[in-house]
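**Student:**
There are 2 protein chains.
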Amino acid sequence: MSTTNPNGLITRFKFQSLLRQDSAGRRIILKGTISGQPALLLVERAAFDIDPAYLNSFPRLVTHVNNLGDNDIYRWYMANSLPDGTLDQPTPPDLKLNLIYPCTEAHVAKYSFQQSRAVVETPEIYTKFVRPYMQRCREEGRLNWVFNIIEGRTEQENVLFRSEEADLKDDFLLLPDLNWDRKTIGGLHLLALVERRDLWSVRDLTRGDVAWLRHLRATLVKTVEGLYEGVEGDMLKFYVHYQPTYYHFHIHIVHVDLDPSATQGVGKAISLDNVINQLDTMSGALTGMADVDLMYTLGEASELWTKIFLPLKEGKVPKSTG
Amino acid sequence: MSTTNPNGLITRFKFQSLLRQDSAGRRIILKGTISGQPALLLVERAAFDIDPAYLNSFPRLVTHVNNLGDNDIYRWYMANSLPDGTLDQPTPPDLKLNLIYPCTEAHVAKYSFQQSRAVVETPEIYTKFVRPYMQRCREEGRLNWVFNIIEGRTEQENVLFRSEEADLKDDFLLLPDLNWDRKTIGGLHLLALVERRDLWSVRDLTRGDVAWLRHLRATLVKTVEGLYEGVEGDMLKFYVHYQPTYYHFHIHIVHVDLDPSATQGVGKAISLDNVINQLDTMSGALTGMADVDLMYTLGEASELWTKIFLPLKEGKVPKSTG
Chain H
1 MSTTNPNGLI TRFKFQSLLR QDSAGRRIIL KGTISGQPAL LLVERAAFDI DPAYLNSFPR
61 LVTHVNNLGD NDIYRWYMAN SLPDGTLDQP TPPDLKLNLI YPCTEAHVAK YSFQQSRAVV
121 ETPEIYTKFV RPYMQRCREE GRLNWVFNII EGRTEQENVL FRSEEADLKD DFLLLPDLNW
181 DRKTIGGLHL LALVERRDLW SVRDLTRGDV AWLRHLRATL VKTVEGLYEG VEGDMLKFYV
241 HYQPTYYHFH IHIVHVDLDP SATQGVGKAI SLDNVINQLD TMSGALTGMA DVDLMYTLGE
301 ASELWTKIFL PLKEGKVPKS TG
Chain L
1 MSTTNPNGLI TRFKFQSLLR QDSAGRRIIL KGTISGQPAL LLVERAAFDI DPAYLNSFPR
61 LVTHVNNLGD NDIYRWYMAN SLPDGTLDQP TPPDLKLNLI YPCTEAHVAK YSFQQSRAVV
121 ETPEIYTKFV RPYMQRCREE GRLNWVFNII EGRTEQENVL FRSEEADLKD DFLLLPDLNW
181 DRKTIGGLHL LALVERRDLW SVRDLTRGDV AWLRHLRATL VKTVEGLYEG VEGDMLKFYV
241 HYQPTYYHFH IHIVHVDLDP SATQGVGKAI SLDNVINQLD TMSGALTGMA DVDLMYTLGE
301 ASELWTKIFL PLKEGKVPKS TG
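As they're listed, the protein sequences go chains H and L. Read in order, the letters of the first sequence correspond to residues 1 to 322 in the UniProt record's numbering. Read in order, the letters of the second sequence correspond to residues 1 to 322 in the UniProt record's numbering.
#1: Could you list which residues in chain L have their beta carbon closer than 9 Å to that of residue 249 of chain H, in chain order?
#2: Please check the pair residue 81 of chain L and residue 99 of chain L, which I expect to be a contact at CB under 8 Å, by giving their CB distance rounded to whole angstroms.
#3: Starting from the N-terminal side, write out each stretch of the beta strand (DSSP E) that is 3 residues or longer and does not extend beyond the stretch 222-281 of chain L.
#4: Taking residue 11 of chain L as the query, report the chain H residues whose CB atoms sit under 8 Å from its CB, ordered along the chain.
#5: Give every residue of the same chain whose Cβ lies closer than 7 Å to the Cβ of residue 270 of chain L, excluding the five residues on either side of it in the sequence, and list them in chain order.
#6: Is there at least one Cβ from chain L nearer than 7 Å to residue 295 of chain H's Cβ?
#7: Below 6 Å CB to CB, which residues in the same chain sit around residue 75 of chain H once its five sequence neighbours on both sides are set aside?
#8: Exposed or buried, what is residue 37 of chain L when buried is set at 16 or more other beta-carbons lying within 10 Å of its beta-carbon?
#9: Can you check which of these residues, L/102, L/245 and L/180, is closest to residue 24 of chain L by C-alpha distance?
#10: Report yes if the C-beta distance between residue 121 of chain H and residue 150 of chain H is below 7 Å; otherwise report no.
#11: Taking Cβ to Cβ, would you say residue 231 of chain L is nearer than 7 Å to residue 279 of chain L?
#12: For chain H, is any of its Cβ atoms less than 7 Å away from the one on residue 292 of chain L?
#13: Could you tell me whether the stretch 131-147 of chain H touches the stretch 106-122 of chain H, where touching means 3 or more Cβ pairs closer than 8 Å?
#14: Going by DSSP, what residues sit across from residue 189 of chain H in a beta bridge?
#15: In its own chain, which residues sit with a C-beta less than 6 Å from the C-beta of residue 86 of chain H, not counting the 5 before and 5 after it?
#16: Using a 10 Å radius around the Cβ and a threshold of 16 neighbouring Cβ atoms, would you call residue 234 of chain H buried or exposed?
#17: At 7 Å on the CB atoms, spell out the chain H contacts of residue 25 of chain L, in chain order.
#18: Helix or strand or just coil, what does DSSP make of residue 288 of chain L?
#19: Is there at least one Cβ from chain H nearer than 7 Å to residue 134 of chain L's Cβ?
#20: Tell me whether the beta-carbon of residue 287 of chain H lies closer than 7 Å to the beta-carbon of residue 286 of chain L.
#21: Under 9 Å between beta-carbons, which chain L residues line up against residue 41 of chain H? List them in chain order, please.
#22: Locate the beta strand (DSSP E) running through residue 121 of chain H, then write down its first and last residues.
#23: Take residue 146 of chain L as the anchor and find which of L/193, L/45 and L/55 has the nearest alpha-carbon.
#24: Can you tell which of H/143, H/175 and H/167 has the C-alpha that lies nearest to the C-alpha of residue 157 of chain H?
#25: Which partner residues of residue 296 of chain H appear in the DSSP bridge assignment?
#26: How would you list, in chain order, the residues of chain H whose beta-carbon sits under 8 Å from the beta-carbon of residue 175 of chain L?
#27: So which residues of chain H does residue 123 of chain L contact, with C-beta pairs closer than 7 Å?
#28: By how many angstroms is the C-alpha of residue 173 of chain H removed from the C-alpha of residue 311 of chain L?
#29: Looking at residue 49 of chain H and residue 92 of chain L, is the spacing between their C-beta atoms short of 7 Å?
#30: For residue 224 of chain H and residue 306 of chain H, I'd like the C-alpha separation in whole angstroms.
#31: For residue 253 of chain L, which residues in chain H fall below 9 Å Cβ to Cβ?
#32: With DSSP as the reference, label residue 164 of chain L as helix, strand or coil.
#33: Please report whether the beta-carbon of residue 262 of chain L lies at a distance below 7 Å from any beta-carbon of chain H.
#34: So, at 7 Å on beta carbons, what are the nonlocal neighbours of residue 326 of chain L in its own chain, with the 5 sequence-adjacent residues on each side left out?
#35: Evaluate residue 104 of chain L with the Cβ neighbour count: other Cβ atoms within 10 Å of its Cβ, from every protein chain shown; 16 or more gives buried, anything less gives exposed.
#36: Report all residues from its chain with a CB closer than 8 Å to the CB of residue 332 of chain H; omit the five preceding and five following residues, and keep chain order.
What follows is the structure, given as structure tokens:
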């Protein structure tokens with residue numbers, strides 16, 4: 001019987017409908033029939049073969065290379081991993097390519113594999129070593145772009161919303177995360193930057209900020225519901241990064257349908273609700289998030305690892321990072 | 001000049017080395033040269049085209065279908081999305097396929113897109129509605145497989161480690177997560193099931209459990225370091241799910257190199273260090289995790305949504321779930 005030949009089943013699959021697409025579009029689930037009986041076909045892009053012989057010939061095998069744009073040394077493309085034969089219709093591209101040419105050693109370092117380490121930042125390590133490091137980052141002008149946006153000097157085309165709250169302390173801007181295409185609602189990813197400048201990170205939040213945080217969260221829900229049709233408050237998740245990329249307090253807002261990736265990883269993201277809640281249930285003897293251990297992951301090439309956590313692991317005293 | 005033709009650059013790329021492979025193997029970063037100058041080529045599997053015309057012809061286009069195994073109505077394969085031409089070497093498969101045939105309505109429901117909702121489970125909702133639901137799940141025998149493994153009756157081939165601690169309360173089993181191939185160290189994903197049966201979920205952890213949790217975490221680090229060469233304690237992350245899939249307390253242990261996916265999503269995963277820490281800094285007036293709000297996401301088809309949180313959203317009183 002033909003059903004006993006598992007390979008033949010695939011080509012006999014008759015497509016009816018797409019049930020869903022996920023994993024950043026790289027998985028599709030098709031509903032259909034085989035010999036009149038219902039069947040599901042789950043199709044996923046496979047991992048690449050990393051056999052050097054294949055990688056060697058790879059650039060020659062690529063076909064239908066279609067340049068989508070370029071900026072200086074950066075170029076991006078869609079392409080097919082194989083020549084298509086004599087088919088009735090062109091096959092959709094199955095590859096995204098990014099070319100950096102000519103590249104520098106800094107590019108190579110950035111894209112090379114880097115071992116990560118999970119570290120525990122105690123209140124003492126924070127106060128003695130990490131906070132001075134944060135201060136230096138702020139003083140070096142790494143936050144100028146943030147202040148320029150807040151003050152309306154640059155990048156206004158990226159400001160999706162600027163609040164006008166009764167209390168200046170409650171004001172914020174909404175920016176799109178770089179990975180959001182600004183239109184797919186299920187992939188919505190916003191950054192809420194507070195306008196006040198006294199909060200560097202989640203570490204600065206105290207028990208006294210619970211009411212402020214709850215008000216901010218509620219305002220953000222209302223604002224995003226108003227900006228994006230079809231988005232309801234319970235379709236949004238709020239989190240902060242620790243360590244963040246820059247030391248000006250900001251909150252990530254994502255749609256629940258967004259496929260969780262590194263931005264939501266354990267050891268990087270902390271649920272905002274969790275933070276509010278921890279502050280709210282904290283012993284009165286403590287001030288706030290500066291008084292707790294925080295676990296997070298660091299790349300071995302990061303300054304926080306090389307200058308603070310690696311020396312500590314080796315039993316040495318980190319040099320001043322301020 | 002040929003460098004001004006961006007498409008020609010790709011085929012002239014001369015491969016030197018693989019810098020890294022990530023995104024579950026679906027991105028590779030190649031270092032090489034073009035006309036003797038250094039270049040980086042980032043290659044990613046693209047999202048699928050979901051044009052119905054393409055989906056219709058898709059099963060016919062698939063070639064080199066290679067059946068890897070089957071179990072009842074489930075079959076899995078590797079395949080190529082296109083016929084290869086007359087190449088010197090066979091092209092590695094670029095697709096993973098799973099076929100469920102014949103399938104039922106339950107399969108269709110399981111794999112269809114389901115809207116998620118972010119809910120806040122207050123201590124009151126937990127006590128009145130969610131805990132009775134957990135109890136019913138336990139009484140329905142949904143945990144028999146867990147007890148069978150703990151008691152050594154079934155699935156012993158899946159037990160990677162069984163502890164023999166001085167205090168029975170400290171004993172645990174290590175199982176592989178279903179998504180781990182059991183050999184790639186950078187993708188390591190284990191589940192630690194405690195042998196004690198009084199902890200249903202993170203909700204049962206109290207301020208008095210901090211020392212027990214710290215001891216358990218330390219023992220798990222030592223055990224995993226001993227089982228897998230090259231794994232150091234600071235390459236591991238620990239988290240719990242809330243809601244979990246089953247109501248017997250277990251801890252997820254993953255390698256820091258594992259690409260974060262839904263299992264680490266905000267609204268699903270809570271860092272174990274965060275839990276220990278929250279218990280440790282909690283006001284003495286509170287007992288433990290049963291006294292805090294917990295935010296998490298639920299599919300609209302889940303019982304917790306249809307029976308508890310949807311009625312609450314509509315201002316109704318949920319019927320007894322016990």
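All C-beta atoms in this analysis are idealised placements derived from N, C-alpha and C, irrespective of residue type, glycine included. Please read these numbers as outputs of a predicted model, since none were measured by experiment.
**Tutor:** In short, the structure shows the following:
#1: Residues of chain L passing the Cβ test: none, with the nearest at roughly 17 Å.
#2: About 16 Å separates the two Cβ atoms, so there is no contact after all.
#3: For the stretch 222-281 of chain L, the continuous beta strand (DSSP E) assignments of 3+ residues that do not extend past its boundaries occur at 236-241, 250-255 and 269-271, in sequence order.
#4: The answer, in chain order, is 59, 60, 62 and 65.
#5: 202, 239, 240 and 242
#6: yes
#7: 99
#8: exposed
#9: L/180
#10: no
#11: no
#12: Yes, contact with chain H.
#13: Output reads no: the stretch 106-122 of chain H does not touch the stretch 131-147 of chain H.
#14: H/254.
#15: Residue confidence is low: residue 86 of chain H scores 47 on pLDDT, short of 50, so the model does not pin down where it sits. Its coordinate-derived value is still stated next. For residue 86 of chain H, where only same-chain residues beyond five positions count, there are no Cβ hits under 6 Å.
#16: With 16 or more other Cβ atoms within 10 Å, it is buried.
#17: Chain H residues near residue 25 of chain L: 47 and 48.
#18: strand
#19: no
#20: no
#21: Within chain L, 58, 59, 97, 98, 99, 100 and 101 have C-beta atoms less than 9 Å from the C-beta of residue 41 of chain H, given in sequence order.
#22: 116-121
#23: The shortest Cα separation from residue 146 of chain L among L/193, L/45 and L/55 belongs to L/193.
#24: Taking only the C-alpha atoms, the option nearest residue 157 of chain H is H/175.
#25: H/119
#26: The contacting residues do not exist; residue 175 of chain L stays about 19 Å from chain H at best.
#27: Near residue 123 of chain L there are no residues of chain H at all, since even the closest Cβ is about 10 Å away, more than 7 Å.
#28: Spanning the two alpha carbons is a distance of roughly 34 Å.
#29: yes
#30: 40 Å
#31: The contacting residues do not exist; residue 253 of chain L stays about 11 Å from chain H at best.
#32: coil
#33: yes
#34: Chain L is shown only over 1 to 322; residue 326 of chain L falls outside these bounds and no answer can be derived.
#35: exposed
#36: Absent from the model: residue 332 of chain H. The displayed extent of chain H is 1 to 322, so no value can be given.
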